[in-house]
Structure formats: structure tokens, C-alpha cells
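Participant: To start, I am sharing the structure in question, which I have written as C-alpha cells.
In this note's numbering, the protein residues as written are 1288 to 1409.
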């Protein structure tokens, strides 16, 4: 299986992802910045890292890693958070460039500053 980024931006996302030879697909529900004990960090960078860690937990449960990530949708509670997101995303995903959409939305729990859903293939 291969995932080929189409028009990578250099900002840890591409305009599209082409998947060839995949036999398994994983659709990850929105992952929130809450740990298993119900703790929610106060600051955005910590919430961002925790939400991605929760995505990674779901990937690992399916025998996958961020290398299998095809598409992510990030829901932000406030447009002002966009500026911090790119650098954080790159620190987490490194050279990986999945397709990406960012949506400004009302979030289910007002303490959450973001939610991340993902699609992966293997």
C-alpha cells in the first residue's frame, strides 16, 4: 500500500492524498483533548498534542501509525487558534503530508478547543 501526497504544502499537509493497494481503511471518530481520566489541559498547545495522541491511540489499536494517515479534519473552536496549529501539526506529523481540512465550529464541550477526526489506510 502506498500513500502519495499530491501537491504537498510543506506545512504537514497536502492538497490531496492518493492511496494505492490499500486493503484496510480506518475511520477515526472525532478525538478530543481529554485523557482517559477526563482531564483536559488548559492551554491550546497541550490540548492539540493530546487530541493528536488520542488519534494515534486509535491508529495503534488498528495496527497503524501516522504513516497510514490519509486525511484529517480538525475542528477548531476559534479562528484565532489557526496561527498556532501549523507548527504544532508539523512537530507531531513530521514529514507526513495527509490531506487536511480545518473547520471553525462550535465544539460539543466548551472546554475543548479542538476535535480531530481522521482516515487511515493500510
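For each residue, glycine too, the CB sits at the ideal point set by N, CA and C. If you're wondering where the values come from, they're calculated on a predicted model, not measured in any experiment.
Leaving out the 5 sequence neighbours to the left and right, which residues in its chain are closer than 6 Å to residue 1345 when beta-carbon positions are compared?
Facilitator: Cβ neighbours of residue 1345 beyond the five flanking positions: 1315.
Participant: Since residue 1342 and residue 1386 are thought to touch, with beta carbons under 8 Å apart, how far apart are those beta carbons, to the nearest angstrom?
Facilitator: Their Cβ separation, rounded to whole angstroms, is 15 Å, which puts residue 1342 and residue 1386 out of contact at 8 Å.
Participant: So, at 8 Å on beta carbons, what are the nonlocal neighbours of residue 1333 in its own chain, with the 5 sequence-adjacent residues on each side left out?
Facilitator: So the list reads 1320, once near-sequence residues are dropped.
Participant: Residue 1408: buried (16+ other C-beta within 10 angstroms of its C-beta) or exposed?
Facilitator: Buried, since its Cβ has 16 or more Cβ neighbours within 10 Å.
Participant: Name the one or two DSSP bridge partners that residue 1289 has.
Facilitator: Answer by DSSP bridge pairing, in chain order: 1307.
Participant: Can you say whether residue 1378 is buried or exposed, counting buried as having 16 or more other CB atoms within 10 angstroms of its CB?
Facilitator: By the 10 Å Cβ count, residue 1378 comes out exposed.
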